[in-house]
Amino acid sequence: MTTTLNTRKAESTQAAELLLTLNRQQANALVTYLNYKKYHWLTFGPLFRDLHLLFEEHATEVLAMVDELAERTLMLDGTPLADPEHYLPATTVKPSEGQLSVRQMVEEAIANHDIIIAEMHEDAEVATNVGDIGTADLYTRLVQIHQKQRWFLKELLKRGDGLSA
Numbered sequence: 003m004t005t006t007l008n009t010r011k012a013e014s015t016q017a018a019e020l021l022l023t024l025n026r027q028q029a030n031a032l033v034t035y036l037n038y039k040k041y042h043w044l045t046f047g048p049l050f051r052d053l054h055l056l057f058e059e060h061a062t063e064v065l066a067m068v069d070e071l072a073e074r075t076l077m078l079d080g081t082p083l084a085d086p087e088h089y090l091p092a093t094t095v096k097p098s099e100g101q102l103s104v105r106q107m108v109e110e111a112i113a114n115h116d117i118i119i120a121e122m123h124e125d126a127e128v129a130t131n132v133g134d135i136g137t138a139d140l141y142t143r144l145v146q147i148h149q150k151q152r153w154f155l156k157e158l159l160k161r162g163d164g165l166s167a
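Just so we're aligned, residue 3 is where the sequence shown starts under our numbering, counting upward by one.
As structure tokens, then:
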């Protein structure tokens, strides 16, 4: 009987941890979206058009993640973040602040993707350990989007026709 109770407590703790990962990633997605919108609005220079469109494309992809993560939380009988005041305490990515050069925008976006990618790898493992292949699959799919966005951004910083001389 004690073993069964301990097993249930462990499963309950793991399920709660999984819901926290979903809330954190939902917050990360919203902050990343807002960062991309900032970059989209404030980009400038000779690559303006391309960067303006790229930042908008990335923002749109990330915004879709907010809803997917919230709905996944609901599927698991959890409560997604719904009050704006709860997003910043839950996020682990850096909200963009101040006036940035285009290079700084790109570097900041890459750094945030690095955080999200590393966390989603760990979060997929948490989901797998709980036996939730649906959430593990969601993280696997979303991490691929973040990896592709990071790749596009990193290409801008390579020497040649990008943002480097």
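Positions of the beta carbon are idealized from the N, C-alpha and C atoms, including for glycine.
Nearest in C-alpha terms to residue 60, of all of 101, 32 and 49, is 32.
In this structure, residue 155 sits near residue 115, with a CB-CB distance shorter than 9 Å. Taking a contact as a CB-CB distance under 8 Å, the pair residue 35 and residue 57 does not count as one, their CB atoms being some 11 Å apart.
Taking C-beta atoms as the reference points, residue 137 and residue 74 count as a pair closer than 9 Å. The segment 11–26 and the segment 117–131 touch, with three or more beta-carbon pairs separated by less than 8 Å. Sequence-distant Cβ neighbours of residue 76 in its own chain, meaning closer than 7 Å and more than five residues away, are 82. In the displayed model, residue 31 falls within a helix according to three-state DSSP.
In its chain, beyond the 5 residues on either side, 71 have a beta carbon closer than 6 Å to the beta carbon of residue 27.
Following the DSSP letters along the chain, one finds residue 57 inside the alpha helix (DSSP H) bounded by residues 50–77. In its chain, beyond the 5 residues on either side, 57, 58, 60, 61, 64 and 111 have a beta carbon closer than 8 Å to the beta carbon of residue 38. Scanning 45, 29, 89 and 113 for the CA closest to the CA of residue 104 turns up 45.
Remark: C-beta atoms of residue 158 and residue 21 do not approach each other more closely than 9 Å. Collapsing the DSSP output to three states places residue 113 in a helix.
Residue 151 counts as buried, since no fewer than 16 other beta carbons sit within 10 angstroms of its beta carbon.
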